[in-house]
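Keeping their order, the protein sequence lines are chains A and B.
Position in the first sequence counted from 1, then plus 10, gives you the working numbering.
Position in the second sequence counted from 1, then plus 2, gives you the working numbering.
Idealized CB from N, CA, C, for every residue including glycine.
As the structure is a prediction and not an experimental result, all values here were calculated from the model.
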Amino acid sequence: MSEIEFLNWVRGPAFEIATVIFIAGVIIRILEIFLLGRKTNLAKPKGSEMSGGLHTIASRSLPDKYSLKRSSFKIISGYIFHLGLLVTIFFFAPHILLFKEIFGFGWPSLPTPIVDAFAVVTIITLIAVLIHRLRDSVLKFLSSAEDYLIWFLTILPIITGYMAFHRIGMTAPALLAIHILSVELLLIVFPFTKLMHAFTLIIARWYNGAISGYRGVQS
Amino acid sequence: MTNNKNLQNRTLGEAMQSQGISRRSFLKFCAATASMMALPPSMIPAIAEALEKARKPSVIWLSFQECTGCTESLTRSHTATLENLIFDSISLDYHHTLQAASGEAAEEAREEAMKENWGKYLLVVDGSIPIKDLGYSTVAGISNLDMFLETAAGAAAIISMGTCAAFGGIPHAHPNPTGSYSVYDIIKMVKNAELDGISSTDSNIANSVIDKPVITVPGCPPIPVVITGVLTHYLTFGSIPDLDHLGRPKAFYGQSIHDRCYRRPFYDKGLFAETFDDEGAKKGWCLYKLGCKGPTTYNACATTKWNNGTSFPIESGAPCLGCSEPDFWDGGSFYKALSIPTIDIPSTAVYTAAGAAAAGVALGALNKNKKSNAIKEHIKTTIDDLEKE
């Protein structure tokens, strides 16, 4: 198989397989959560579930100062690499073309050097996060093989994307094919690992807030 | 015939003198060729000397499943140039389109050239070779496969001219109805004895093909200067140039279109033409969004250019189609960017979502059923039950 055949395969059949697994996995897992059902709350509501839920979605997206003081590295590095992922995935012109193809609409891209800088910062931060995880005895104790796997599958598309953009080490078709394949691997494992937090964190935060909202207490 | 033989025995230097080409023009050509092939300037006199002394090699050009575009490109672009002379100065003994002879006389010319120059002639092939049914493409009643194997057996080297001969090209595109393959694939099949029983060529003759050096000169069509560059290298050094992993001369296919593109700074800055006639297009911004395959295509278009150095497709506002890469016809739309998958993602997404929603609801119903059954089957334990233990 030549590099171009490999590239054609990752842009075609492999992308289809990854898309099917990702979409089916995410939808089934989310439906599973919602269809579990909850017992009817017989207590008289003293406030709104919706406002409490929405408030918590927003409030827990920002760190409180005590947590920030206690776990400053974790929180700051977490923000940096999540922001880096957001910029590199959603604001790089070639990526936006892909989203436009899927959703039918696109949005303006950021200048490439800015996206490039975010990619470098994200790679450095993710490496720092791994070192921190390995050096912190509690974190290391709590870490499972899955944690390391998803760290690897998260950093891989950024490193391969950076290499593909700067054309480092291999021929261009091979680099691009490896980059797309690394994204497909991420999509395939996404619904079955902790990566699902990208969807479930909103549900979890809303539910936490909704409980308080129903009781009429501050969420 | 005697006169023709005398002409053939002339060296290139003699041929040029008789055609009134000055030494200055000749050296300029040598310098340009050395530069194209990334050779140091010190090699220019060596090239000149070797070329002057070189005898006209016999060249047999076989056309199989092709469109004659390669020949069109070669002949039209070379009108009245020095490259044309170099091309005239090889002995093109057989070429369907260019030869005057026809019918049996044409085939005789091929056989005679093969006999006289056995082991020394260059074989140029354009077009892919069908093997699904040998009758799909024949010349003078001889199948493409048989003619190729017979002719290749006595060649000094084989040049796969154009993308069809190099990688299968358009005839090889999905679903490949004629079962056509590139020269390299056919040689690989001979090596693996996969053509036994298909070809009527003597197996000993066929087996002598497997060690022949193959130079692939892809492009749809290939750049004429690249063709003459490869021939010049062969005449100068008597060997084939450095090749990449796909058998392409590194001097011409060593860098991608993207890396040598004059619009590259716009790509790096993220400035793209969105349509063929917007402001970006008028300002000459990058054509990536319009489907340019320059980033994954290795060829010399951006440096040697076409039509005597006039321009190349991107310069004319058209995205690179990637025609010098394998399977460029199967890489999705020419006008969709490389980052867009070749499959219909929206349809796949919609069908998958519908199927997954149904499966999710079914699983939810099963879970509820399981839960209600568990409640129904629950047996209460009383203090009496516990006391019995």
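Neighbouring residues, chain B, relative to residue i (Cβ below 9 Å)
{"i": "P104 of chain A", "result": "Y290, K291, A339, L340, S341 and I342"}
{"i": "L41 of chain A", "result": "A358, A359, A361, G362, V363, L365 and G366"}
{"i": "T50 of chain A", "result": "The contacting residues do not exist; T50 of chain A stays about 15 Å from chain B at best."}
{"i": "L45 of chain A", "result": "G362, V363, L365, G366, A367, N369 and K370"}
{"i": "P118 of chain A", "result": "Near P118 of chain A there are no residues of chain B at all, since even the closest Cβ is about 10 Å away, more than 9 Å."}
{"i": "S192 of chain A", "result": "Within 9 Å Cβ-Cβ: nothing; S192 of chain A doesn't reach chain B, min ~14 Å."}
Residue i, buried or exposed, once every other Cβ within 10 Å from all chains shown has been counted against 16
{"i": "Y264 of chain B", "result": "exposed"}
{"i": "T344 of chain B", "result": "buried"}
{"i": "T81 of chain B", "result": "Only weak support is given to the placement of T81 of chain B: the predicted model assigns it a pLDDT of 44, under 50, and the value that follows is read from those uncertain coordinates. T81 of chain B should be labelled exposed."}
{"i": "M3 of chain B", "result": "Unreliable positioning characterises M3 of chain B in this predicted model, as indicated by a pLDDT of 38, which lies under 50. The coordinate reading is nonetheless provided below. Exposed."}
{"i": "D126 of chain A", "result": "buried"}
{"i": "A159 of chain B", "result": "buried"}
{"i": "V151 of chain A", "result": "What sits at residue 151 of chain A in the sequence shown is Phe, not Val. Result: exposed."}
{"i": "M18 of chain B", "result": "buried"}
{"i": "L248 of chain B", "result": "buried"}
{"i": "K7 of chain B", "result": "Confidence in K7 of chain B is poor, its pLDDT being 48 and thus under 50, which makes the residue's placement too unreliable to answer from."}
{"i": "T29 of chain A", "result": "buried"}
{"i": "G129 of chain B", "result": "buried"}
{"i": "W216 of chain A", "result": "buried"}
{"i": "I377 of chain B", "result": "exposed"}
{"i": "P123 of chain A", "result": "exposed"}
{"i": "R392 of chain B", "result": "An answer regarding residue 392 of chain B cannot be provided, because it is not within the stretch 3 to 391 covered by chain B."}
{"i": "V148 of chain A", "result": "exposed"}
{"i": "N194 of chain B", "result": "exposed"}
{"i": "N5 of chain B", "result": "With a pLDDT of only 45 at N5 of chain B, under 50, the local geometry of the prediction cannot be trusted, and no value is derived from it."}
{"i": "A220 of chain A", "result": "buried"}
{"i": "F91 of chain A", "result": "buried"}
{"i": "G324 of chain B", "result": "buried"}
{"i": "K291 of chain B", "result": "buried"}
{"i": "H65 of chain A", "result": "buried"}
{"i": "I385 of chain B", "result": "exposed"}
{"i": "R112 of chain B", "result": "buried"}
{"i": "N301 of chain B", "result": "buried"}
{"i": "H189 of chain A", "result": "buried"}
{"i": "H176 of chain A", "result": "exposed"}
{"i": "V127 of chain B", "result": "buried"}
{"i": "I178 of chain A", "result": "exposed"}
Contact belief for residue i with residue j at Cβ below 8 Å, rounded distance in angstroms
{"i": "D332 of chain B", "j": "A175 of chain B", "result": "6 Å"}
{"i": "E194 of chain A", "j": "F16 of chain A", "result": "About 12 Å; that fails the 8 Å criterion."}
{"i": "V36 of chain A", "j": "L191 of chain A", "result": "Rounded, the Cβ-Cβ distance is 20 Å, inconsistent with contact."}
{"i": "Y172 of chain A", "j": "A138 of chain A", "result": "The pair is not a contact, with the Cβ atoms about 17 Å apart (cut-off 8 Å)."}
{"i": "R262 of chain B", "j": "T203 of chain B", "result": "Going by Cβ atoms, the distance from R262 of chain B to T203 of chain B rounds to 42 Å, so no, they are not a contact pair."}
{"i": "L53 of chain B", "j": "T234 of chain B", "result": "7 Å"}
{"i": "I160 of chain A", "j": "T203 of chain A", "result": "5 Å"}
{"i": "V141 of chain B", "j": "S162 of chain B", "result": "Going by Cβ atoms, the distance from V141 of chain B to S162 of chain B rounds to 17 Å, so no, they are not a contact pair."}
Residues that DSSP places opposite residue i in a beta bridge
{"i": "P132 of chain B", "result": "B:S182"}
{"i": "L125 of chain B", "result": "B:I62 and B:I160"}
{"i": "S93 of chain B", "result": "B:S60"}
{"i": "V216 of chain B", "result": "B:I160"}
{"i": "F274 of chain B", "result": "B:C288"}
{"i": "P251 of chain B", "result": "B:L245"}
{"i": "W216 of chain A", "result": "DSSP lists no partner for W216 of chain A."}
{"i": "T140 of chain B", "result": "B:S145"}
{"i": "S24 of chain B", "result": "According to DSSP, S24 of chain B bridges with nothing at all."}
{"i": "Y337 of chain B", "result": "Looking at the DSSP assignment, Y337 of chain B forms no beta bridge with any residue, so it has no partner."}
Beta-carbon neighbours of residue i, restricted to chain A and to distances below 9 Å
{"i": "I345 of chain B", "result": "R21, G22, P23, F25, E26 and T29"}
Proximal chain B residues relative to residue i, where beta-carbon distance stays under 7 Å
{"i": "L107 of chain A", "result": "K291, A339, S341 and I342"}
{"i": "P121 of chain A", "result": "K271 and G272"}
Chain D within 8 Å of residue i, Cβ atoms only
{"i": "E327 of chain B", "result": "Here chain D cannot be found, since the structure's protein chains are A and B."}
Proximal residues of chain A, C-beta to C-beta of residue i below 8 Å
{"i": "G333 of chain B", "result": "I14, L17, N18 and R21"}
Chain-ordered chain B contacts of residue i [CB-CB under 8 Å]
{"i": "I112 of chain A", "result": "I347, P348 and A351"}
{"i": "L186 of chain A", "result": "P297, T298 and L340"}
Contact set between residue i and chain A, taken where Cβ atoms lie within less than 7 Å
{"i": "N40 of chain B", "result": "In the sequence as presented, Asn is not what sits at residue 40 of chain B; that position holds Ala. Neighbours of A40 of chain B on chain A: none; closest Cβ ~18 Å, over 7 Å."}
{"i": "A355 of chain B", "result": "I33 and I37"}
**Asked** In the stretch 267 to 284 of chain B, which residues sit with their C-beta less than 9 Å from some C-beta in chain A, listed in chain order?
**Response** Listed in chain order, the positions of the stretch 267 to 284 of chain B with a beta carbon within less than 9 Å of a beta carbon of chain A are Y269, D270, K271, G272, L273 and F274.
**Item:** Chain-ordered residues of the stretch 18 to 39 of chain A with a beta carbon less than 7 Å from chain B
**Value:** N18, R21, G22, F25, E26, T29, V30, I33, A34, I37 and I38
**Prompt:** What residues in the stretch 124 to 144 of chain A bring their beta carbon closer than 7 Å to a beta carbon of chain B?
**Reply:** none
**Near-chain A residues of the stretch 240 to 268 of chain B (beta-carbon distance less than 9 Å), N- to C-terminal order** = Within the stretch 240 to 268 of chain B, those residues whose Cβ lies closer than 9 Å to any Cβ of chain A are, in chain order, D246, H247, L248, S258, H260 and D261.
**Item:** Members of the stretch 147 to 160 of chain A that neighbour chain B once the beta carbon cut-off is set at 9 Å
**Value:** none
**Request:** Taking only beta carbons into account, state which residues of the stretch 170 to 184 of chain A come closer than 8 Å to chain B, listed in chain order.
**Result:** R177, T181, A182 and P183
**Message:** Tell me which residues of the stretch 197 to 214 of chain B have at least one Cβ-Cβ distance to chain A shorter than 7 Å, keeping chain order.
**Reply:** For the stretch 197 to 214 of chain B, no residue has a beta-carbon sitting nearer than 7 Å to a beta-carbon of chain A.
**Request:** Determine which residues of the stretch 128 to 162 of chain B have a Cβ less than 9 Å from any Cβ of chain A, and write them out in chain order.
**Result:** none
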